[in-house]
Amino acid sequence: MIVDWRPRAVRRLDKIHAHTSEGRFLAADAVFDTIVAAAATLPSHPYAYREGRVPNARDGQLPNYIIVYRVKRDRILIVNVLHARQCYP
850 MIVDWRPRAV
860 RRLDKIHAHT
870 SEGRFLAADA
880 VFDTIVAAAA
890 TLPSHPYAYR
900 EGRVPNARDG
910 QLPNYIIVYR
920 VKRDRILIVN
930 VLHARQCYP
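Position in the sequence shown (from 1) plus 849 gives the number in my numbering.
See below:
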């Protein structure tokens, strides 16, 4: 199983990194690395996180962030990355 990032999720991750890096480059890198590392573990345990608020999706809860993803037959599709305080869907 592979992890496939939708373009929107990549843009959101880049935005999170840019916003966090304003004066705190090490913190921004740590947040970025935490999110990417969590996504990398999903193929091993695709159902570890709860069913999400979006139909057919799951919410990977991290400290301060949520990875919204879908489990497909042959891949994990990362749909979005959000700050935990954001309202969605």
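Don't be surprised by glycine CBs; every beta carbon is placed ideally from N, CA and C.
No experiment lies behind these values; they were computed from the predicted model shown.
Reduced DSSP secondary structure (H/G/I, E/B, other) of residue i
i	result
residue 931	strand
residue 920	strand
residue 911	strand
residue 809	Within the shown structure, residues of the chain are numbered from 850 to 938, placing residue 809 beyond reach of any answer.
residue 860	helix
residue 867	helix
Continuous beta strand (DSSP E) stretch holding residue i: start and end
i	result
residue 852	851 to 854
When the options are compared against residue i, the one with the closest alpha-carbon
i	options	result
residue 921	872, 894, 935	894
residue 882	935, 912, 926	912
Residue span of the alpha helix (DSSP H) that contains residue i, given as start and end
i	result
residue 903	Here residue 903 belongs to no alpha helix (DSSP H), and DSSP marks it neither H nor E.
residue 887	874 to 890
Next on the checklist: With a threshold of 8 Å, are at least 3 pairs of Cβ atoms found where one atom belongs to the stretch 916 to 928 and the other to the stretch 892 to 904?
Outcome noted: Touching, yes.
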